[in-house]
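J.: Each residue of the sequence shown is one higher than the one before, counting from 1 in my numbering.
Every residue gets a Cβ at the ideal spot worked out from N, C-alpha and C, and that includes glycine.
Since the structure is predicted, the reported quantities are computational estimates derived from the model, not experimental observations.
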Amino acid sequence: MSKRTKSKCVINQIMLIKAEPNIVMGIAIDSHSIYSVASTSNGQEVYRMVQRTPGDLAHLTQHLISRISSVSYRYGRIAAIGISVSEFFLSHRQSAHKLAKSSPTHSPEITQLTLNLNQHFKVDCSLVMHSHSAAIACDAISNAMTIADLIEQPLSAGSSLNKRARDLYKEAILSVFLGDGCGISFYQNNEQVHHPLSSHWAHSRLPNFQWLVDGLTPVCRCGNEACIEQFLSAPSIERQYHQVVLKDQTLAQIFSGVDLSEPHASRIYRTYIDQLARSLVNPIQQLLPTRLVLSGEATTYPTLTADLKVALSRYIHVNEIPVIIHPKQDEFTFARGAFLIAEKNHNNHLRSS
Numbered sequence: 001m002s003k004r005t006k007s008k009c010v011i012n013q014i015m016l017i018k019a020e021p022n023i024v025m026g027i028a029i030d031s032h033s034i035y036s037v038a039s040t041s042n043g044q045e046v047y048r049m050v051q052r053t054p055g056d057l058a059h060l061t062q063h064l065i066s067r068i069s070s071v072s073y074r075y076g077r078i079a080a081i082g083i084s085v086s087e088f089f090l091s092h093r094q095s096a097h098k099l100a101k102s103s104p105t106h107s108p109e110i111t112q113l114t115l116n117l118n119q120h121f122k123v124d125c126s127l128v129m130h131s132h133s134a135a136i137a138c139d140a141i142s143n144a145m146t147i148a149d150l151i152e153q154p155l156s157a158g159s160s161l162n163k164r165a166r167d168l169y170k171e172a173i174l175s176v177f178l179g180d181g182c183g184i185s186f187y188q189n190n191e192q193v194h195h196p197l198s199s200h201w202a203h204s205r206l207p208n209f210q211w212l213v214d215g216l217t218p219v220c221r222c223g224n225e226a227c228i229e230q231f232l233s234a235p236s237i238e239r240q241y242h243q244v245v246l247k248d249q250t251l252a253q254i255f256s257g258v259d260l261s262e263p264h265a266s267r268i269y270r271t272y273i274d275q276l277a278r279s280l281v282n283p284i285q286q287l288l289p290t291r292l293v294l295s296g297e298a299t300t301y302p303t304l305t306a307d308l309k310v311a312l313s314r315y316i317h318v319n320e321i322p323v324i325i326h327p328k329q330d331e332f333t334f335a336r337g338a339f340l341i342a343e344k345n346h347n348n349h350l351r352s353s
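1. Could you give the first and the last residue of the continuous beta strand (DSSP E) run that contains A80?
2. Go ahead and pull the three-state DSSP assignment for Y187.
3. In its own chain, which residues sit with a C-beta less than 7 angstroms from the C-beta of R351, not counting the 5 before and 5 after it?
4. Write down the C-beta distance between Y35 and E331 rounded to the nearest angstrom, noting that I regard them as a contact closer than 8 angstroms.
5. Starting from A298 and walking both ways along the beta strand (DSSP E), at which residues does that stretch end?
6. Per DSSP, which one or two residues make a beta bridge with G26?
7. Quick one: Cα of Q249 to Cα of N348, how far?
8. Between which two residues does the alpha helix (DSSP H) containing S214 stretch?
9. Ordered along the chain, which non-local residues of its own chain (more than five positions away) have a Cβ less than 8 angstroms from that of G257?
10. Any chance the region 206 to 214 sits against the region 225 to 240, with 3 or more Cβ pairs inside 8 angstroms?
11. If you drop the 5 nearest sequence neighbours on each side, which residues of the same chain put their C-beta closer than 6 angstroms to that of N116?
12. My understanding is that K179 touches A298, with C-beta atoms under 8 angstroms, so please give their C-beta distance in whole angstroms.
13. Among S69, I284, Q275, Q286, whose alpha-carbon lies nearest the alpha-carbon of I237?
14. Determine the contact status of L287 and I324, defining contact as a CB-CB distance below 8 angstroms.
15. Excluding five sequence neighbours on each side, which residues of the same chain lie with their C-beta closer than 6 angstroms to the C-beta of S41?
16. Quick one, are the C-beta atoms of A335 and G26 less than 8 angstroms apart?
17. State the start and end residues of the unbroken beta strand (DSSP E) segment that holds Y272.
18. Can you look up L174 in the DSSP assignment and give me helix, strand or coil?
19. From the DSSP output, in three-state form, read off D149 for me.
20. Figure out for me which residue from A28, H195, C220, I268 has the closest Cα to the Cα of I284.
21. So, using beta-carbon positions, are L197 and P322 closer together than 8 angstroms?
22. If I'm right that T290 touches A134 with Cβ under 8 angstroms, what's the distance once you round it to whole angstroms?
23. Compare the beta carbon distance of S131 and F177 with 8 angstroms and say whether it is the shorter of the two.
24. Can you tell me which of F231, V213, D214 puts its alpha carbon nearest to the alpha carbon of C220?
25. List the DSSP bridge partners of L350.
26. For E191, count neighbouring Cβ atoms within 10 angstroms of its own Cβ and tell me buried if that reaches 16, exposed if not.
27. From the DSSP output, in three-state form, read off C138 for me.
28. Taking its Cβ as the centre, do 16 or more other Cβ atoms sit within 10 Å of H203, making it buried, or is it exposed?
29. Does the CB of I34 have a neighbour CB from chain D at under 8 angstroms?
30. Does DSSP put S31 in a helix, a strand or coil?
31. Once DSSP output is grouped into helix, strand and coil, what is the label at S236?
32. Ordered along the chain, which non-local residues of its own chain (more than five positions away) have a Cβ less than 8 angstroms from that of V244?
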């Protein structure tokens, strides 16, 4: 090979390296699964994957490093990583004493996970709760005409979806996650507000608890009894159904039973909606949100928004009820929210440097 040919090869390699897109990853972790998405800097989604969550933090760290490295090798340099964790996944690794105290900070183990990824890949690594990522992802999805729009439109700093996500922050937003656990987050004036309610809401006592209406519960993992999480999480709804019918049903089967007007499923659903309304009265009256964003598998019943509004009207004045946002979701909602947050933080970092 001549020197001229070699020179051309080197130039072509340099051009390829320069043209190599930056990749932003969004990763969502709950007690069962890890959901990952990756998109290029021009907004093209190139990767999505669902895998089981390893049993301990050490294996989880190694798993994520391996997965992110594989994505980087196949699609380009990793520019930023966003991690969204469910409230249950975060809190079940804390002791009952710490859980009862409900510190608003992330657990040291989860924080260390993000530090390890940051040090390994030398990139920004953002850590948020599902109730946070949902507030961003759900607003973007509700304003996109189709899911394809969300994937195909550029998600750069100036993109329309990111503008809509930023508009979300201009309101007072109460975001509620109801899945393998429960959690709330509150946002006002472009900032997340770390209100005490956000940290202890899931493990505070269900308002107006009556065992004849709400049923009996085992002692919560935090050591208390009749905690909100024991009634509003997906496993808790399934437990309540079993307690009444003495038969196991998944949440999806219970919701299907409501569609078919099955008496037991309908009773459990009505009780659940009333419990949810009671649990939201205090946050709504204290925080005065203009919008209420609902996310998680326990919020997927089609008429839940309308049913919740009716239930809330029994406890507070209708003018106090915020606009309830419950857009179409899928299993990658929280991963997409983590991606949007990571990209926003990365762009802010670039502008400030």
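T.: Checking against the coordinates, here is how it stands:
1. Counted from its first residue, the sequence shown places residue 80 at position 80. 78 to 85 is the span of the beta strand (DSSP E), which, as asked, contains A80.
2. Against the sequence shown, residue 187 aligns to sequence position 187. It is a strand residue.
3. To locate residue 351, count along the sequence shown from 1; it is residue 351. Counting only Cβ-Cβ distances below 7 angstroms, and skipping sequence neighbours, we find nothing.
4. Numbered from 1 along the sequence shown, position 35 holds the residue referred to as residue 35. Numbered from 1 along the sequence shown, position 331 holds the residue referred to as residue 331. Y35 to E331, Cβ: 6 angstroms. Contact.
5. Translated into positions along the sequence shown, residue 298 becomes position 298. It is not in any beta strand (DSSP E) - A298 carries neither H nor E in the DSSP assignment.
6. Here residue 26 refers to the residue found at position 26 when the sequence shown is read from its first residue. Answer by DSSP bridge pairing, in chain order: V37, G82.
7. Taking the sequence shown and counting its residues from 1, one reaches residue 249 at position 249. Taking the sequence shown and counting its residues from 1, one reaches residue 348 at position 348. Approximately 46 angstroms, taken between the alpha carbons.
8. Residue 214 sits at position 214 when you count from the first residue of the sequence shown. Reading off the sequence, residue 214 comes out as Asp, not Ser. Segment 211 to 214, the alpha helix (DSSP H) holding D214.
9. The residue given as residue 257 occupies position 257 in the sequence shown. Q249, H264, A265, S266.
10. yes
11. Looking up residue 116 in the sequence shown gives position 116. Around N116: T61.
12. Taking the sequence shown and counting its residues from 1, the one referred to as residue 179 is at position 179. Taking the sequence shown and counting its residues from 1, the one referred to as residue 298 is at position 298. Going by the sequence as given, residue 179 is Gly instead of Lys. About 6 angstroms separates the two Cβ atoms, so the contact holds.
13. Working through the sequence shown from its first residue, we reach residue 237 at position 237. Measuring from the Cα of I237, the nearest candidate turns out to be Q275.
14. Translated into the one-based positions of the sequence shown, residue 287 becomes position 287. Translated into the one-based positions of the sequence shown, residue 324 becomes position 324. No, Cβ-Cβ distance for L287 and I324 is not below 8 angstroms.
15. Residue mapping note: residue 41 aligns to position 41 of the sequence shown, counting from 1. The answer, listed in chain order, is P21, N22.
16. Here residue 335 is taken as the residue at index 335 of the sequence shown, counted from 1. Here residue 26 is taken as the residue at index 26 of the sequence shown, counted from 1. In this structure, G26 lies closer than 8 angstroms to A335 by Cβ.
17. Locating residue 272 in the sequence shown gives position 272, where the first residue counts as 1. Segment 263 to 287 is the alpha helix (DSSP H) holding Y272; no beta strand (DSSP E) there.
18. In the sequence shown, residue 174 corresponds to position 174, counting from 1. DSSP places L174 in strand when its eight states are reduced to three.
19. Locating residue 149 in the sequence shown gives position 149, counting from the first residue. Confidence is the limiting factor: at D149 the pLDDT is only 37, short of 50, which leaves the residue's position unreliable, though a coordinate-based value still follows. Here D149 sits in helix by DSSP.
20. Translated into positions along the sequence shown, residue 284 becomes position 284. Minimum Cα distance to I284 is reached at H195.
21. Along the sequence shown, read from residue 1 onward, the residue named residue 197 stands at position 197. Along the sequence shown, read from residue 1 onward, the residue named residue 322 stands at position 322. The answer is no: Cβ separation not under 8 angstroms.
22. As a first step, residue 290 must be located in the sequence shown, where it is residue number 290. As a first step, residue 134 must be located in the sequence shown, where it is residue number 134. At roughly 17 angstroms, the Cβ-Cβ gap does not stay under 8 angstroms, so T290 and A134 are not in contact.
23. Taking the sequence shown and counting its residues from 1, the one referred to as residue 131 is at position 131. Taking the sequence shown and counting its residues from 1, the one referred to as residue 177 is at position 177. Their beta carbons are under 8 angstroms apart, which means S131 touches F177 by this criterion.
24. Translated into the one-based positions of the sequence shown, residue 220 becomes position 220. If we check each option's Cα against that of C220, F231 comes out closest.
25. Counting from one through the sequence shown, the residue named residue 350 turns up at place 350. In the DSSP output, where bridge partners are listed per residue, L350 has none listed.
26. For the purposes of this step, residue 191 is identified with residue 191 of the sequence shown, where counting begins at 1. Under this definition E191 is an exposed residue.
27. Against the sequence shown, residue 138 aligns to sequence position 138. DSSP places C138 in helix when its eight states are reduced to three.
28. Residue numbering aside, residue 203 sits at position 203 when the sequence shown is read from its first letter. Flag for H203 reads buried.
29. Protein chains in the displayed structure number just one, and chain D is not present.
30. The residue labelled residue 31 in the question sits at position 31 within the sequence shown. Three-state DSSP puts S31 in coil, outside helix and strand.
31. As a first step, residue 236 must be located in the sequence shown, where it is residue number 236. Three-state result, S236: helix.
32. In the sequence shown, counting from the first residue as 1, residue 244 sits at position 244. Contacts found: G215, H264, R267, I268.
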